[in-house]
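Colleague: Going left to right, the sequence shown walks through residues 15 to 169 as our numbering numbers them. Idealized CB from N, CA, C, for every residue including glycine. This one's a predicted model, so the numbers in the text were calculated from it and none came from an experiment.
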Amino acid sequence: MKERMDYRKAAPDALKAMLQVETYARRSGLEHSLLELVKYRASQINGCAFCMDMHTKDARAAGETEQRLYTLSAWRECPYYSDRERAALAWTEAVTEIARDGVPDAIYEQAREQFSEKELVDLTMAVVAINGWNRLAISFHALPGKYQPGDYKDK
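Here's what the structure looks like:
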C-alpha cells in the first residue's frame, strides 16, 4: 500500500483541531494506561494499522505488558483487566460501533459505576479522538511501522 497524502501537511488547521480534542483527552486526568488501551481497542475495531502500531508502542513504552496487549480483543475472557478498564473497553466498543446498537443502558450503567460524569465525558472524548485519527489514517493510507514513541509530542 502507498500513502495517499500527508493529511497533516495538506490541512494543518484540521490537524490543529484534532490535536485540541486529543490534548483535552490526554490532559483530562484519566489514567494514561487506560487511554492507551482505549486507543488500541478502537483502532483494532476500525482496522487502523497505523494507530494500532502507534498505540502498542506507546503503551509498551509506558510499561504496559505484552500479555494485555496481545489479548485486548478478547478482554472479556481475560482475568487481567480491572473493572474500570472493562467498563472503559465496553464503552469504547459501544461508542466506536454506535451505528450497530447505540450505547446500551447496561453499558452506560457499567461505565457510571466506574467513572464520574466528567470522567465519562472525558472517556467519550478520548474515543471520539481516536476514531477521528483512525478515519484520517485509514482514508489517507498512513503507513504503519515507522512511528516511535515521542514522534508526535503534540499528539
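1) In angstroms with no decimal places, state the Cα-to-Cα distance between residue 44 and residue 156.
2) On a CA-only basis, which of 76, 97, 165, 151 is nearest residue 19? Give me that one, please.
3) What does the alpha-carbon distance come out to for the pair residue 163 and residue 132?
4) State the start and end residues of the unbroken alpha helix (DSSP H) segment that holds residue 143.
5) Cα separation between residue 146 and residue 53?
6) What is the rounded straight-line gap between the Cα of residue 144 and the Cα of residue 101?
7) Assuming contact is defined by CB atoms lying nearer than 8 Å, are residue 166 and residue 67 in contact in what I supplied?
8) Rounded to the nearest angstrom, how far is the Cβ of residue 127 from that of residue 51, given a contact under 8 Å?
9) Report yes if the C-beta distance between residue 56 and residue 110 is below 8 Å; otherwise report no.
10) Closer than 7 Å by C-beta to residue 70: which residues in its own chain qualify, once you throw out the five before and the five after it? Chain order, please.
11) Helix, strand or coil: which one does DSSP assign to residue 162?
12) Taking a contact to mean a Cβ-Cβ separation below 8 Å, would you say residue 87 touches residue 58 in this structure?
Modeller: To lay it out plainly:
1) Using only the alpha carbons, I get a separation of about 27 Å.
2) Considering only 76, 97, 165, 151, the residue with the shortest C-alpha distance to residue 19 is 151.
3) Their Cα atoms are separated by approximately 28 Å.
4) Element bounds for residue 143: 131-153.
5) Roughly 11 Å separates the two Cα atoms.
6) Near 17 Å, if we compare the C-alpha coordinates of residue 101 and residue 144.
7) No, the Cβ-Cβ distance between residue 166 and residue 67 is not below 8 Å.
8) Rounded, the Cβ-Cβ distance is 18 Å, inconsistent with contact.
9) Contact: yes.
10) Correct list, in chain order: 54, 83.
11) The answer is coil: DSSP assigns residue 162 none of H, G, I, E or B.
12) It is a contact, given that the beta carbons lie within the stated cut-off.
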